[in-house]
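K.L.:
In the working numbering, the protein residues as written are 27 to 353.
Structure below.
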């Protein structure tokens, strides 16, 4: 079904093209039955949810990474849970909210071969001007001099998310995702995630060391999605409220206190033939990621140079030529 504009040109009800909207601070990538929204928007005032460089992911028949929005403004859960950095798919420091800041897009690329975005937010820079009546719901001391850079690459059925954080004062970093799916292979020691802050509400929390690159699997309906995770530190998993709070989301948090932290998440979004191995190697020029789908291997390099496009060497095609994407 389609509607028409005045010129009589059919207009699809559901657009299929990707979109970069710098004024709004949004990037929307679309693939068949899939979409990724990246938020690099400027400070939003009282209605801001402190979620710079946050993500939303639609997969097949619904949101896999959600934005919960909020509840009634007079309800306790509004400020206590929903309107917090810790309950969004982004970075949180000491379980406190991100202070006001305006992100910067360092580089981008969108075509049928691959989708790429390099964006950054720097809390070492002067904050945007605030209204005199602004309600302070953040901890500027905790976030002092923190710089958060997120690089995303969507290549065929693989979505690579590389987050690098400069954390000179060694604060507690919580790189957070919450999935509208059931965790299938949660493991580790049962411990409270936090005794204060928004995620004191987390239940069934476990923690395990995150060494090397480890997969975690999640089920929703008849689908299973695999995430391959890398980042020196602790891997936490647990449940916390969705919106409405009659159901839960599956939280996944990588936590460390490193002055230079790197968190890698590789999403395997293929319908069949799952990834069998993923290797992550950090070098002086960037991060090299190699992944195998059976005997088919792909090599990707994400460069530290701001805005530089990644290199990707794909498996041999039927023609015998190995495609390569480069700057």
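For each residue, glycine too, the CB sits at the ideal point set by N, CA and C. This one's a predicted model, so the numbers in the text were calculated from it and none came from an experiment.
DSSP three-state label for residue 8, please.
P.N.:
Limits of the chain in this structure are 27 at one end and 353 at the other, which puts residue 8 out of reach.
K.L.:
Relative to the C-alpha of residue 77, which residue among 45, 141, 147 and 103 is closest?
P.N.:
Stepping through the chain shown from its first residue, residue 77 is reached at position 51. Answer by Cα proximity: 147.
K.L.:
Cα separation between residue 240 and residue 155?
P.N.:
Translated into positions along the chain shown, residue 240 becomes position 214. Translated into positions along the chain shown, residue 155 becomes position 129. When rounded, the distance between both Cα atoms is 42 Å.
K.L.:
Just the C-alpha distance for residue 126 and residue 321, rounded to the nearest angstrom, thanks.
P.N.:
For this step, residue 126 is matched to residue 100 along the chain shown. For this step, residue 321 is matched to residue 295 along the chain shown. Each residue's alpha carbon lies about 47 Å from the other.
K.L.:
Going by C-alpha distance, which of 99, 210, 202 and 181 is nearest residue 219?
P.N.:
Locating residue 219 in the chain shown gives position 193, where the first residue counts as 1. Answer by Cα proximity: 202.
K.L.:
Between the region 163 to 176 and the region 245 to 252, are three or more C-beta pairs nearer than 8 Å?
P.N.:
They do not touch, by the three-pair rule.
K.L.:
Enumerate in chain order the residues of its own chain whose CB-to-CB distance from residue 114 is below 6 Å, with the five nearest sequence positions on each side excluded.
P.N.:
Counted from its first residue, the chain shown places residue 114 at position 88. Taken in chain order, the residues that qualify are 77 and 80.
K.L.:
If you follow the beta strand (DSSP E) that residue 202 is part of, which residue opens it and which one closes it?
P.N.:
Along the chain shown, one-based indexing puts residue 202 at 176. Taken as a continuous stretch (DSSP letters only), the beta strand (DSSP E) holding residue 202 covers 199 to 205.
K.L.:
I need the DSSP call for residue 27, collapsed to helix, strand or coil.
P.N.:
Position 1 of the chain shown, counted from the start, is the residue given in the question as residue 27. Residue placement at residue 27 cannot be trusted, given a pLDDT of 42 that sits under 50; what the coordinates show is reported in the next sentence. Three-state DSSP puts residue 27 in coil, outside helix and strand.
K.L.:
Go ahead and pull the three-state DSSP assignment for residue 72.
P.N.:
Start at 1 with the first residue of the chain shown, and residue 72 comes out as number 46. Correct three-state label for residue 72: helix.
K.L.:
Taking the alpha carbon of residue 56 as the point to measure from, which residue in 153, 230, 182 and 117 has its own alpha carbon closest?
P.N.:
One-based indexing of the chain shown puts residue 56 at position 30. Comparing Cα-Cα distances from residue 56 to each of 153, 230, 182 and 117, the minimum goes to 182.
K.L.:
On a Cα-Cα basis, can you pick out the residue from 153, 165, 42 and 215 that is closest to residue 70?
P.N.:
Taking the chain shown and counting its residues from 1, one reaches residue 70 at position 44. Closest by alpha carbon: 153.
K.L.:
Look up residue 212 in the DSSP assignment and give the residues it is bridged to.
P.N.:
For the purposes of this step, residue 212 is identified with residue 186 of the chain shown, where counting begins at 1. The partner list for residue 212 (beta bridge, DSSP) is empty, contrary to what the question assumes.
K.L.:
Starting from residue 45, trace the beta strand (DSSP E) both ways and give me its first and last residue.
P.N.:
In the chain shown, residue 45 corresponds to position 19, counting from 1. Counting along the chain, the beta strand (DSSP E) containing residue 45 begins and ends at 45 to 47.
K.L.:
Which runs of the beta strand (DSSP E) spanning at least 3 residues fall entirely within the region 107 to 177, listed in chain order?
P.N.:
List check, beta strand (DSSP E) in window: 117 to 119, 130 to 136 and 140 to 148.
K.L.:
Between residue 111 and residue 124, which are expected to be in contact by the criterion C-beta below 8 Å, what is the C-beta distance as a whole number of angstroms?
P.N.:
Sequence index remark: in the chain shown, residue 111 carries index 85 (1-based). Sequence index remark: in the chain shown, residue 124 carries index 98 (1-based). With a Cβ gap of about 5 Å, residue 111 and residue 124 count as contacting.
K.L.:
If I follow the unbroken beta strand (DSSP E) through residue 313, where does it start and stop?
P.N.:
Taking the first residue of the chain shown as position 1, residue 313 is located at position 287. Its beta strand (DSSP E) spans residues 312 to 319.
K.L.:
Which residue wins for smallest C-alpha separation from residue 120, given the options 72, 238, 82 and 282?
P.N.:
Reading the chain shown from its first residue, position 94 is the one you call residue 120. Among 72, 238, 82 and 282, the Cα nearest to that of residue 120 belongs to 282.
K.L.:
When you compare the region 181 to 195 with the region 282 to 299, are there three or more beta-carbon pairs, one atom per stretch, that lie closer than 8 Å?
P.N.:
The region 181 to 195 vs the region 282 to 299: in contact.
K.L.:
Check whether the region 326 to 338 and the region 309 to 317 are in contact - that is, three or more C-beta pairs closer than 8 Å.
P.N.:
A contact exists between the region 326 to 338 and the region 309 to 317.
K.L.:
When DSSP builds the beta bridges, which residues end up paired with residue 241?
P.N.:
Indexing the chain shown from 1 puts residue 241 at position 215. Note: residue 241 sits in a beta bridge opposite 254.
K.L.:
According to DSSP, residue 235 sits in a beta bridge with which residue or residues?
P.N.:
Indexing the chain shown from 1 puts residue 235 at position 209. Bridge partners of residue 235: 260.
K.L.:
Out of 91, 295, 166 and 299, which one is the CA nearest neighbour of residue 276?
P.N.:
Here residue 276 refers to the residue found at position 250 when the chain shown is read from its first residue. Checking every option, the nearest Cα to that of residue 276 belongs to 91.
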